[in-house]
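Data first, discussion second: the structure below is written as structure tokens.
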Amino acid sequence: MFGRLNHVGVATPSIAGAREHYARLFGAASVGEAFDLPDQSVKVCFVEAGNTQLELIEPLSDASPIAGFLARNPAGGQHHLCFEVADLDAAITDLTATGARVLGTPRLGAHGTRIVFLHPQSMGGVLVELMEAPDGGH
Ligand code: CO
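The numbers in the numbering used here rise by one with no breaks, and the one at position 25 of the sequence shown is 73.
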């Protein structure tokens with residue numbers, strides 16, 4: 049059902065600081081520009097990491113779920129894994145049938161594609177994002 053790992057979400061209290069950190073590690077050309085996702089009250093930035101990407105996430109306000117995460121992890125940390133699926137609606141149907149907890153309904157994510165999150169309780173303690181991608185998993 050799941051396809052490739054699209055990205056690893058990393059919460060950070062400072063995208064500016066994180067961009068400098070990852071520019072040193074992966075090279076400046078690997079670090080994209082930061083942009084706001086006002087719907088989700090976050091600022092994000094993608095880092096090319098060879099076979100996957102890192103999604104750096106900074107909260108834009110206390111209303112962001114990332115703000116709660118940073119309250120528990122002030123230095124930041126790994127927040128979620130994002131896997132590609134070919135058909136998001138079919139994946140939700142299949143996962144729901146197995147008792148997995150799907151959080152809300154699909155919406156547009158940071159890549160401009162449809163995404164949904166799965167509760168960590170259903171995923172071995174890991175917050176999982178599913179992203180619809182034409183050549184994603186089956
Ligand atoms: Co993500």
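Positions of the beta carbon are idealized from the N, C-alpha and C atoms, including for glycine.
Since the structure is predicted, the reported quantities are computational estimates derived from the model, not experimental observations.
Q) Cβ of GLY80 within 8 angstroms of Cβ of GLU132? A) The residue you call residue 80 lines up with position 32 of the sequence shown. The residue you call residue 132 lines up with position 84 of the sequence shown. No, these two residues do not count as a Cβ contact at 8 angstroms.
Q: Tell me whether GLU68 sits in a helix, a strand or coil according to DSSP, three-state version.
A: Position 20 of the sequence shown, counting from 1, holds the residue named residue 68. It is helical.
Q: Assess, as a yes-or-no matter, whether the region 92 to 101 is touched by the region 50 to 69 under the definition of 3 or more beta carbon pairs within less than 8 angstroms.
A: yes
Q: Please list the segments of the alpha helix (DSSP H) lying wholly inside the region 54 to 117, counting only runs of 4 or more residues, in order along the chain.
A: 63 to 74
Q. Roughly how many angstroms separate the alpha carbons of SER78 and ASP142, rounded to a whole number?
A. As a first step, residue 78 must be located in the sequence shown, where it is residue number 30. As a first step, residue 142 must be located in the sequence shown, where it is residue number 94. Going by the C-alpha atoms only, they are around 36 angstroms apart.
Q.
Alpha carbons only, please: which of PRO107, GLY184, HIS127 and ALA82 is nearest the one belonging to GLY173?
A. Here residue 173 corresponds to residue number 125 of the sequence shown, with the count starting at 1. It is HIS127 whose Cα lies nearest to the Cα of GLY173.
Q: Using the Cα positions of PRO107 and MET49, report the straight-line distance between them to the nearest angstrom.
A: Position 59 of the sequence shown, counted from the start, is the residue given in the question as residue 107. Position 1 of the sequence shown, counted from the start, is the residue given in the question as residue 49. Note on geometry: alpha-carbon atoms of PRO107 and MET49 lie some 31 angstroms from one another.
Q | Burial state of GLN101, where buried means 16 or more other Cβ atoms lie within 10 Å | A | One-based indexing of the sequence shown puts residue 101 at position 53. By the neighbour-count rule (16 or more Cβ atoms within 10 Å), GLN101 is buried.
(Q) Among ALA134, SER112, ILE105 and ALA139, whose alpha-carbon lies nearest the alpha-carbon of GLY124? (A) Against the sequence shown, residue 124 aligns to sequence position 76. That would be ILE105, whose Cα lies nearest to the Cα of GLY124.
Q: Measure how close the beta-carbons of LEU178 and ALA145 come, nearest whole angstrom, since I'm counting them as under 8 angstroms.
A: The count along the sequence shown starts at 1 and reaches residue 178 at position 130. The count along the sequence shown starts at 1 and reaches residue 145 at position 97. That pair is no contact at about 15 angstroms.
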